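Asker: Those letters in the sequence shown? Residues 141 to 847, per our numbering, in order. Glycine is no exception: its CB is placed at the ideal position from the N, C-alpha and C atoms. Since we're looking at a predicted model, the values are computed, not measured.
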Amino acid sequence: MIPCMPYFVILASALFVCSVYCDADANINTDSDEIENSISELKGASSIADLENINLFNNTIIVPQNETKQDKEFMSKNIVNETITIAPNSNLNLGSEKLEAEFIHLYETSKPAEYHRPQFEPRDPKYAKFFNRNEKGPVDTCSPTFSSPYLSYKNGFYTPNPQNNAFGSTIKCFYACQKDINYHGRWISTYRQITKPTKPKCDVFRTKCQNIFGHVVWGDVNYNAYKQKDNKVKKMSHLNPKYHHAHNGTKYSVHMIYIDSVGSYTFDRTMPKTSALLGSTFKAFNFYNHHKIGENTLPNQEAILMNLRFEPVVDLQNGRPTIPRSNKKNFCKTKKDEVPFIPEYFKQNGYKTIHSQDYWYTSIAQEPYSCYQFPSFDHDIHTFARLSPDDPFLGEVWRKKCLESYKVQLAYLQQIMSRYSNKDLFSFNFFTNLQHDSINGLYHSDTNMAKFFKDNKHHFDNSFVFISSDHGVRYGKYREATEIAGFENINPFLRVIVPKQLQANKQFMDLMNENSKKATSQFDVFASLIDILTEGQKSQFTDFETVDFSNVMNYTVNGQSIFRKIPERDEYDMRIPFNYRFYKHIGTNLNNSLYPEIRKNVINTVIKKINGLLAQNGLLKNCARIKVDPNAKLSTIKYMKINNELYFNFKVKVTPGTGIYIGTITSKFEIMEDKIRRITSYAVEAETCEKATPFREYCMCKSLLSG
Numbered sequence: 141m142i143p144c145m146p147y148f149v150i151l152a153s154a155l156f157v158c159s160v161y162c163d164a165d166a167n168i169n170t171d172s173d174e175i176e177n178s179i180s181e182l183k184g185a186s187s188i189a190d191l192e193n194i195n196l197f198n199n200t201i202i203v204p205q206n207e208t209k210q211d212k213e214f215m216s217k218n219i220v221n222e223t224i225t226i227a228p229n230s231n232l233n234l235g236s237e238k239l240e241a242e243f244i245h246l247y248e249t250s251k252p253a254e255y256h257r258p259q260f261e262p263r264d265p266k267y268a269k270f271f272n273r274n275e276k277g278p279v280d281t282c283s284p285t286f287s288s289p290y291l292s293y294k295n296g297f298y299t300p301n302p303q304n305n306a307f308g309s310t311i312k313c314f315y316a317c318q319k320d321i322n323y324h325g326r327w328i329s330t331y332r333q334i335t336k337p338t339k340p341k342c343d344v345f346r347t348k349c350q351n352i353f354g355h356v357v358w359g360d361v362n363y364n365a366y367k368q369k370d371n372k373v374k375k376m377s378h379l380n381p382k383y384h385h386a387h388n389g390t391k392y393s394v395h396m397i398y399i400d401s402v403g404s405y406t407f408d409r410t411m412p413k414t415s416a417l418l419g420s421t422f423k424a425f426n427f428y429n430h431h432k433i434g435e436n437t438l439p440n441q442e443a444i445l446m447n448l449r450f451e452p453v454v455d456l457q458n459g460r461p462t463i464p465r466s467n468k469k470n471f472c473k474t475k476k477d478e479v480p481f482i483p484e485y486f487k488q489n490g491y492k493t494i495h496s497q498d499y500w501y502t503s504i505a506q507e508p509y510s511c512y513q514f515p516s517f518d519h520d521i522h523t524f525a526r527l528s529p530d531d532p533f534l535g536e537v538w539r540k541k542c543l544e545s546y547k548v549q550l551a552y553l554q555q556i557m558s559r560y561s562n563k564d565l566f567s568f569n570f571f572t573n574l575q576h577d578s579i580n581g582l583y584h585s586d587t588n589m590a591k592f593f594k595d596n597k598h599h600f601d602n603s604f605v606f607i608s609s610d611h612g613v614r615y616g617k618y619r620e621a622t623e624i625a626g627f628e629n630i631n632p633f634l635r636v637i638v639p640k641q642l643q644a645n646k647q648f649m650d651l652m653n654e655n656s657k658k659a660t661s662q663f664d665v666f667a668s669l670i671d672i673l674t675e676g677q678k679s680q681f682t683d684f685e686t687v688d689f690s691n692v693m694n695y696t697v698n699g700q701s702i703f704r705k706i707p708e709r710d711e712y713d714m715r716i717p718f719n720y721r722f723y724k725h726i727g728t729n730l731n732n733s734l735y736p737e738i739r740k741n742v743i744n745t746v747i748k749k750i751n752g753l754l755a756q757n758g759l760l761k762n763c764a765r766i767k768v769d770p771n772a773k774l775s776t777i778k779y780m781k782i783n784n785e786l787y788f789n790f791k792v793k794v795t796p797g798t799g800i801y802i803g804t805i806t807s808k809f810e811i812m813e814d815k816i817r818r819i820t821s822y823a824v825e826a827e828t829c830e831k832a833t834p835f836r837e838y839c840m841c842k843s844l845l846s847g
């Protein structure tokens with residue numbers, strides 16, 4: 141017995157047959173009245189027998205000349221007395237009969253998508269055209285022109301030159317301390333005159349010299365780590381009230397050195413000297429199955445340091461409940477001690493905390509305090525390392541000194557470690573400018589980076605060191621043209637050095653070696669840092685049993701410590717959002733001529749979403765509305781059948797501008813993760829007019845368009 145089915149399924153199928161296969165001159169009556177009569181008959185059918193007696197379009201079907209086997213199967217399934225099965229949980233109401241017909245046909249003829257982890261050969265010669273090992277660094281050919289005629293500087297002290305007051309000249313020099321208030325501006329203290337050898341009591345300072353008329357004749361901005369008093373141990377925030385936190389046992393320093401936009405393959409390719417040194421001299425572990433958990437820098441930093449989930453976690457494969465994004469509190473209305481923040485935890489445990497970052501606009505330490513003072517680091521060079529448009533003088537100093545930010549940051553960290561030798565330190569160092577805008581940016585830094593680690597081995601011997609990235613390459617021709625780059629994007633590199641004392645523990649090292657082969661994520665880094673401060677310190681890393689750190693803290697900890705046995709888990713268990721998983725549902729290219737309505741609706745959904753985001757966030761004043769690029773070859777759609785539902789992966793090229801966007805759309809033509817990701821650079825097209833908004837990747841500045 142044939143089961144009953146909705147009348148609209150049959151009608152839509154018949155309409156699709158006609159719209160796709162009927163010749164313009166075919167003798168078929170498709171008069172609107174005839175269609176209405178057919179609809180009425182379908183509505184009136186009360187049984188499958190009634191349906192079988194309906195003469196829909198006189199049952200006349202024109203078969204195309206080049207009929208394929210798949211076409212024949214489709215044709216036979218669209219005779220009225222055949223059953224069409226649609227996704228049992230779908231509410232098929234797409235608003236267009238042609239679209240519904242195409243959708244049903246695609247559903248019926250598609251097979252379940254394969255689900256596996258793609259394999260790549262990163263050394264394949266076909267990728268060589270994207271790389272340039274000889275690309276020079278930004279200051280490799282720079283010759284310093286900076287001079288200091290009025291002040292000498294040595295060992296952190298400024299001393300006035302004797303000739304300042306010779307021959308009737310009266311030159312007075314001053315200094316002031318500087319720090320960031322937030323990413324909107326800097327704070328500069330009152331200038332104090334330098335009359336004798338003077339050491340500024342701050343890490344970043346400005347100097348200026350004036351003539352007798354008060355005109356500034358010379359100036360400088362400089363840095364020097366100023367040693368502070370030790371931090372007192374305080375009660376650690378957010379501990380579970382039932383947890384006993386012991387402060388006994390050996391404590392180890394922790395250094396986090398993160399390079400923006402570096403995948404696992406990229407680090408191996410661009411940093412051979414550093415990679416070899418880390419493995420041989422430091423016995424570093426290579427966690428080559430490491431996952432990012434968010435699209436760009438901020439969500440990954442927030443996962444590492446704040447345990448925040450930036451996106452919901454769905455499970456299309458097994459149908460487990462969606463895990464919502466973290467209930468991220470409004471920082472402007474939240475008391476600072478209510479927010480989980482790893483650096484603050486270390487400070488409460490008596491560590492000195494250090495931060496360096498060179499991105500000009502903001503950082504993890506500053507994102508919350510555009511509106512209030514967030515827990516700060518003890519030492520922070522961000523105010524010197526970030527070259528922002530609102531401080532052209534700082535940029536001029538850098539140019540005259542031929543400074544490169546990563547070298548400044550490494551030198552600053554070396555200063556800190558020397559100042560606080562044998563003290564507990566926590567440092568978070570983030571290098572944006574090296575690799576973010578060029579896939580070849582790391583090549584020139586390899587020798588210097590290796591030398592830094594070699595020269596400071598004695599500092600790192602008593603430390604956990606995380607050398608890693610937020611994510612892999614996100615933009616450029618390599619990302620646009622290859623699937624391997626898409627994988628690199630979700631696979632940031634991670635190397636972990638453990639203290640020399642622990643390297644002597646064979647059982648611990650065997651465990652680390654085993655864990656390095658397992659899948660890990662940024663959430664696991666957070667859990668590992670909690671472990672260092674709590675259970676690891678308590679047992680001196682001799683207890684390797686799995687610990688649920690949600691029982692240690694008063695909130696749910698998303699990850700597992702890499703210093704303990706990691707239980708079996710899949711990417712859903714790891715809280716990895718759908719688009720950042722290694723295991724993929726393999727899509728099939730959509731036949732554009734066979735499914736024009738589906739293609740049109742997928743693209744329209746993308747365009748509507750982007751323009752909607754521009755409008756909702758007040759960006760249309762400076763940003764142009766976008767539309768799909770008329771060159772159809774530049775936009776592709778792949779479909780996947782997963783658990784009896786259709787999904788569409790899109791890659792859409794828009795105009796004006798060079799924007800290419802990717803994402804996934806559901807069978808209801810909704811953006812699945814409510815996020816459309818851009819894979820082409822937007823630094824010029826968007827940040828010319830919109831530097832601050834998190835939605836700038838969708839912007840094409842009107843000021844750049846002719847006419």
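Thinking C-beta only, is Arg715 closer than 8 Å to Asn698?
Answerer: Cβ atoms of Asn698 and Arg715: closer than 8 Å.
Asker: For Gly459, does the three-state DSSP call read helix, strand or coil?
Answerer: Residue state, collapsed to three classes: coil.
Asker: What are the start and end residues of the alpha helix (DSSP H) that includes Arg635?
Answerer: Here Arg635 belongs to no alpha helix (DSSP H); instead the beta strand (DSSP E) covers Leu634 to Ile637.
Asker: Suppose contacts are defined by Cβ-Cβ distances below 8 Å. Is Phe606 in contact with Val665 by that definition?
Answerer: In contact: Phe606 and Val665 (Cβ atoms closer than 8 Å).
Asker: With burial defined as no fewer than 16 other Cβ atoms inside 10 Å of the residue's Cβ, what is the status of Arg449: buried or exposed?
Answerer: Answer is buried; the Cβ neighbour count reaches 16.
Asker: Note down, in chain order, each residue of its chain lying with its Cβ closer than 6 Å to the Cβ of Tyr290, except the 5 sequence neighbours on either side.
Answerer: Excluding sequence neighbours, Tyr290 sits near Asn301, Asn304, Ile311, Cys313, Cys349 and Trp358.
Asker: Taking only runs that begin and end inside the region 273-322, name each unbroken beta strand (DSSP E) of 3 or more residues, in chain order.
Answerer: Here the runs fully enclosed are 291-294, 297-300 and 312-322.
Asker: DSSP three-state call for Gln680: helix, strand or coil?
Answerer: In the structure shown, Gln680 sits in coil (DSSP, three-state: anything other than H, G, I, E or B).
Asker: Could you have a look at Val454 and say whether DSSP puts it in helix, strand or coil?
Answerer: It is coil, neither helix nor strand.
Asker: Is it buried or exposed for His611, if we count other Cβ within 10 angstroms and need 16 for buried?
Answerer: That one is buried.
Asker: Using a Cβ-Cβ cutoff of less than 6 Å, which residues in the same chain neighbour Pro717 once the five nearest sequence positions on both sides are dropped?
Answerer: For Pro717, where only same-chain residues beyond five positions count, the Cβ hits under 6 Å are Glu451 and Val453.
Asker: Compare the beta carbon distance of Ser656 and Phe703 with 8 Å and say whether it is the shorter of the two.
Answerer: Not closer than 8 Å, so no.
Asker: Following the continuous alpha helix (DSSP H) through Glu242, name the residue where it begins and the one where it ends.
Answerer: Looking at the DSSP string, the run of the alpha helix (DSSP H) that includes Glu242 is Glu237 to Thr249.
Asker: Can you tell me where the beta strand (DSSP E) with Gly354 in it begins and where it stops?
Answerer: It is not in any beta strand (DSSP E) - Gly354 carries neither H nor E in the DSSP assignment.
Asker: So, for Lys594: in the same chain, excluding its five sequence neighbours on each side, which residues have a beta-carbon less than 8 Å away from its beta-carbon?
Answerer: Result list for Lys594: Leu417 and Thr421, in chain order.
Asker: Quick one: give me the first and last residue of the beta strand (DSSP E) that Trp500 is part of.
Answerer: Here Trp500 belongs to no beta strand (DSSP E), and DSSP marks it neither H nor E.
Asker: Which of the three DSSP states, helix, strand or coil, is assigned to Ile607?
Answerer: In the structure shown, Ile607 sits in a strand (DSSP, three-state: E or B).
Asker: What alpha helix (DSSP H) runs, 4 residues minimum, are completely inside the region 364-433?
Answerer: Here the runs fully enclosed are 404-410 and 412-420.
Asker: By Cβ distance below 8 Å, which residues in the same chain neighbour Glu275 in space, the five residues on each side in sequence not counted?
Answerer: Answer for Glu275: Ser578, Asn580, Gly581, Tyr583 and His584, listed in chain order.
Asker: Can you tell me whether DSSP reads Lys808 as helix, strand or coil?
Answerer: Residue state, collapsed to three classes: coil.
Asker: With a threshold of 16 other CB atoms inside 10 Å of the CB of Phe570, please say whether the residue is buried or exposed.
Answerer: Answer is buried; the Cβ neighbour count reaches 16.
Asker: Thinking C-alpha only, which one of Lys678, Ile670 and Tyr712 is nearest Met693?
Answerer: Residue Ile670 is the option with its Cα nearest to Met693.
Asker: From the DSSP output, read off the bridge partner residues of Glu785.
Answerer: Note: Glu785 sits in a beta bridge opposite Ile782.
Asker: What residue from Ala823, Val824 and Leu786 has the CA that sits closest to Thr249's CA?
Answerer: Among Ala823, Val824 and Leu786, the Cα nearest to that of Thr249 is on Leu786.
Asker: Does the Cβ of His851 have 16 or more other Cβ atoms within 10 Å, making it buried, or fewer, making it exposed?
Answerer: Any property of residue 851 remains undetermined from this structure, which presents the chain solely from 141 to 847.
Asker: Quick one: give me the first and last residue of the beta strand (DSSP E) that Thr347 is part of.
Answerer: It spans Val344 to Gln350 - the beta strand (DSSP E) in which Thr347 sits, taken as one unbroken run.
Asker: Which of helix, strand or coil does DSSP assign to Tyr801?
Answerer: Tyr801 falls in the strand class under three-state DSSP.
Asker: Mind listing, in chain order, the continuous alpha helix (DSSP H) runs of no fewer than 4 residues lying wholly within the region 575-663?
Answerer: Whole alpha helix (DSSP H) segments, 4+ residues: 586-595, 597-600, 617-621, 623-630, 640-643 and 646-655.
Asker: From Val394, Tyr618, Phe627 and Met376, pick the residue whose C-alpha is nearest to that of His387; which is it?
Answerer: Here the closest residue by C-alpha is Met376.
Asker: Between the alpha carbons of Ser329 and Gln318, how many angstroms are there, rounded?
Answerer: One C-alpha to the other measures close to 6 Å.
Asker: In this structure, what does DSSP give as the bridge partners for Gln849?
Answerer: As shown, the chain starts at 141 and ends at 847. That puts residue 849 outside it, with no answer to give.
Asker: Just to confirm my understanding: we take Glu174, look at its own chain, exclude 5 residues before and 5 after, and list those with CB closer than 6 Å. What are they?
Answerer: Because the pLDDT at Glu174 is just 38, under 50, the model does not fix this residue reliably, and the point stays unresolved.
Asker: What's the C-alpha gap between Asn784 and His598?
Answerer: Each residue's alpha carbon lies about 58 Å from the other.
Asker: Does the beta-carbon distance from Glu95 to Arg817 come in below 8 Å?
Answerer: Nothing can be reported for residue 95: it is not among the residues displayed for the chain, which extend from 141 to 847.
Asker: Using the rule of at least 16 other Cβ atoms within 10 Å of the residue's Cβ for burial, across every protein chain shown, is Leu845 buried or exposed?
Answerer: When all chains shown are included, Leu845 counts as exposed.
Asker: So the candidates are Phe486, Phe286 and Asp343; which of them puts its Cα closest to the Cα of Arg559?
Answerer: Ranking the options by Cα distance to Arg559, first place goes to Asp343.
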